[in-house]
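Here it is in structure tokens:
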């Protein structure tokens, strides 16, 4: 099996690590705009060599895991070059525009639109983790647009990686994911900003901050190059979540201003049931 | 050594666990308004028996770890009853009002105002963890108000638990902690609220949410009974942080609305240095 990973960062690298484990003898090739990522991936043994254009045509599987703006721009020309039976899948955090970018492509049947809910706040091949996908959800969009045989091969691969599959349409994906992922990143970035602005003396942050702060601000370490195009592509949905989040914060502030601490208590108590909701989410790898 | 823990929850229970380890033969007594906490603490072997009023006078060490409203109300009468050489310390997340509540107390010298930056989002004696305080910061306020010999015994104890000490005045403590702890809790609670409101079908949250969401919303599992009085006592500082946080979120939203994604990128990149700042914070125990 010849596998090509376009974008050999955290996701691509982790995929390569697991593939070596579950598919002995697979030839894993990589491509990355960032030469240092490619070099690291080679050094770490994630890939066997750099991929050439010719490899695209003969690849059995192509994972395209690059920022969503590049994905929308480059996916059509990647599909142009792959073979008739090549499985191409992505891992983009937005799905509507990605699906739209290839909707009329003659090789649309080769593409499976995926969003594995897996990752950390780190980037690059050095951040690749074994078992990253184990027990995680892989959201597949517009599955009916992919050739049946190619779907089957993809599902077999995802099963070997230990992933749970969930099918959604791209519009619903982008709406829901704005709430449970994109908004979290903004809340975390702006929390980090607020604290950094105030605490010019960083030593104070370091000494007083505990694991609670670390947890809420963890996503503020994420890559702006990856996240800016996500927010751009999912702008309308993200703006909606942000409006609601700001309104809720204003509501909480107003209760505090009014000295209505029964109201403050109620707000928190009603949200406490997040405990039950979260019980099933796999905890972060460390 | 006779040690009395008033409020035998996560903090009190974890303290008892470690005390058994570092101070063999210590008699550990507990008291709690919640009978079920007391029963659990006995069952778990955290305490040897329930404390009586008479035990207060003969105790060497009294840890008072109850919600900060009860702390401000009850600390004076606890001090009334302790012996001349008893060390009394607290673990409250606010310090100004606590210090004020005992500032004129004849036994002020017996009290050491503490805030160990340790804990999890869970509560109760079942949530007690061994080694919770290892490597964590303990903020001590108004150290000069505590008798020297009593200070020394406290520091010896904290050293045995592996804590780092930092001295601050209560006003500065309350200001800084509003940024690096109290605000995080509100941002997390309101994030949880926003998502729960939208995602009436909880199954969707569960399937799409990843470790990033889990991390940012973790603190929304915290106890409203513990946090409401913290927000009440630190109201002015918390309101200030909340205003700044809301303004930063509005700024981010405006950039997105204007389609200024260079600006969005810059906002995130400037906050990325939180990576370096956080490097020294101990990661949460799981």
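Residue numbers (the numbering used here), protein chains in the order written: chain Z, 19 to 304; chain V, 19 to 304.
Note that CB positions come from ideal geometry on N, CA and C, so glycine has one too.
Less than 6 Å between C-beta atoms, sequence neighbours within five positions excluded: which residues of the same chain meet that for residue i?
| i | result |
| --- | --- |
| residue 84 of chain Z | 25 |
| residue 210 of chain Z | 235 and 238 |
| residue 35 of chain V | 146 and 148 |
| residue 244 of chain V | 85 |
Please work out which residues of its chain come closer than 7 Å, Cβ to Cβ, to residue i, disregarding the five sequence neighbours upstream and downstream, and give them in chain order.
| i | result |
| --- | --- |
| residue 60 of chain V | none |
| residue 197 of chain Z | 259 |
| residue 40 of chain Z | 178 and 179 |
| residue 117 of chain V | 131, 159, 160 and 188 |
| residue 69 of chain Z | 22, 47, 48 and 49 |
| residue 37 of chain V | 21, 44 and 46 |
| residue 94 of chain Z | 119, 120 and 123 |
| residue 71 of chain Z | 99 |
How big is the Cα-Cα spacing for residue i and residue j?
| i | j | result |
| --- | --- | --- |
| residue 113 of chain V | residue 48 of chain Z | 56 Å |
| residue 172 of chain V | residue 105 of chain V | 7 Å |
| residue 230 of chain Z | residue 152 of chain V | 16 Å |
| residue 192 of chain V | residue 234 of chain Z | 19 Å |
| residue 267 of chain V | residue 217 of chain Z | 18 Å |
| residue 78 of chain Z | residue 92 of chain Z | 19 Å |
| residue 154 of chain Z | residue 293 of chain Z | 19 Å |
| residue 273 of chain Z | residue 261 of chain Z | 18 Å |
| residue 66 of chain Z | residue 45 of chain Z | 7 Å |
| residue 305 of chain Z | residue 194 of chain Z | With chain Z running from 19 to 304 in the structure shown, residue 305 of chain Z is simply not present. |
| residue 286 of chain V | residue 87 of chain V | 38 Å |
| residue 264 of chain Z | residue 275 of chain V | 15 Å |
| residue 175 of chain V | residue 181 of chain V | 9 Å |
| residue 28 of chain Z | residue 100 of chain V | 58 Å |
| residue 247 of chain V | residue 203 of chain Z | 29 Å |
| residue 89 of chain Z | residue 110 of chain Z | 8 Å |
| residue 127 of chain Z | residue 58 of chain Z | 33 Å |
| residue 199 of chain V | residue 214 of chain Z | 13 Å |
| residue 163 of chain V | residue 134 of chain Z | 56 Å |
| residue 76 of chain Z | residue 228 of chain Z | 51 Å |
| residue 30 of chain Z | residue 184 of chain Z | 21 Å |
Assuming residue i and residue j make a contact with CB atoms under 8 Å, what is their CB distance in whole Å?
| i | j | result |
| --- | --- | --- |
| residue 160 of chain Z | residue 188 of chain Z | 6 Å |
| residue 81 of chain V | residue 33 of chain V | 6 Å |
| residue 270 of chain V | residue 208 of chain Z | 6 Å |
| residue 55 of chain V | residue 142 of chain V | 6 Å |
| residue 251 of chain Z | residue 115 of chain Z | 5 Å |
| residue 238 of chain Z | residue 212 of chain V | Actually they do not touch by this definition, with Cβ atoms about 18 Å apart. |
| residue 205 of chain Z | residue 240 of chain V | At roughly 16 Å, the Cβ-Cβ gap does not stay under 8 Å, so residue 205 of chain Z and residue 240 of chain V are not in contact. |
| residue 157 of chain V | residue 64 of chain Z | Their Cβ separation, rounded to whole angstroms, is 44 Å, which puts residue 157 of chain V and residue 64 of chain Z out of contact at 8 Å. |
| residue 296 of chain V | residue 232 of chain Z | 6 Å |
Residues of chain Z with CB under 8 Å from residue i, in chain order?
| i | result |
| --- | --- |
| residue 249 of chain V | 274, 279 and 282 |
| residue 216 of chain V | 197, 259 and 262 |
| residue 109 of chain V | Those within 8 Å of residue 109 of chain V in chain Z number zero; the least Cβ separation is about 12 Å. |
| residue 293 of chain V | 239 |
| residue 212 of chain V | 197, 201, 259, 262, 263 and 266 |
Check the DSSP bridge columns for residue i and list the partner residues they point to.
| i | result |
| --- | --- |
| residue 283 of chain Z | In DSSP, residue 283 of chain Z forms no bridge with anything. |
| residue 48 of chain V | V:23 and V:68 |
| residue 130 of chain V | V:107 |
| residue 185 of chain Z | Z:158 |
| residue 79 of chain Z | Z:21 and Z:105 |
Near residue i, which residues of its chain fall below 8 Å by C-beta distance, leaving aside the five closest residues on each side in sequence?
| i | result |
| --- | --- |
| residue 303 of chain Z | Model confidence at residue 303 of chain Z stands at a pLDDT of 42, short of 50, so the residue's coordinates are unreliable; what they give is reported in the following sentence. Closer than 8 Å at the Cβ level, and outside the excluded window around residue 303 of chain Z, lie 138, 147, 149 and 150. |
| residue 3 of chain Z | This structure cannot speak to residue 3 of chain Z, because chain Z is shown only from 19 to 304. |
| residue 201 of chain Z | 256, 259, 260 and 263 |
| residue 96 of chain V | 24, 74, 80, 82 and 106 |
Using a C-beta to C-beta distance shorter than 9 Å, which residues of chain Z count as neighbours of residue i?
| i | result |
| --- | --- |
| residue 177 of chain V | Under the 9 Å cutoff, chain Z gives no residues; its nearest Cβ is about 17 Å from residue 177 of chain V. |
| residue 151 of chain V | Going along chain Z, no residue has its Cβ under 9 Å from residue 151 of chain V, so there is no contact; the nearest lies around 11 Å. |
In chain V, which residues lie with their C-beta within 7 Å of the C-beta of residue i?
| i | result |
| --- | --- |
| residue 287 of chain Z | 242 |
| residue 135 of chain Z | 226 and 228 |
| residue 141 of chain Z | Ordered by position in chain V, no residue passes the 7 Å Cβ test against residue 141 of chain Z, which lies about 11 Å from the chain. |
| residue 234 of chain Z | 202, 205, 206, 234 and 237 |
Whose Cβ in chain V lies nearer than 9 Å to the Cβ of residue i?
| i | result |
| --- | --- |
| residue 157 of chain Z | 225 and 226 |
Residues of chain Z with CB closer than 7 Å to the CB of residue i, please, in chain order.
| i | result |
| --- | --- |
| residue 253 of chain V | 274 |
| residue 268 of chain V | 264 |
| residue 18 of chain V | As shown, chain V starts at 19 and ends at 304. That puts residue 18 of chain V outside it, with no answer to give. |
| residue 231 of chain V | 198, 199 and 202 |
| residue 208 of chain V | 263, 266, 267 and 270 |
| residue 35 of chain V | Under the 7 Å cutoff, chain Z gives no residues; its nearest Cβ is about 18 Å from residue 35 of chain V. |
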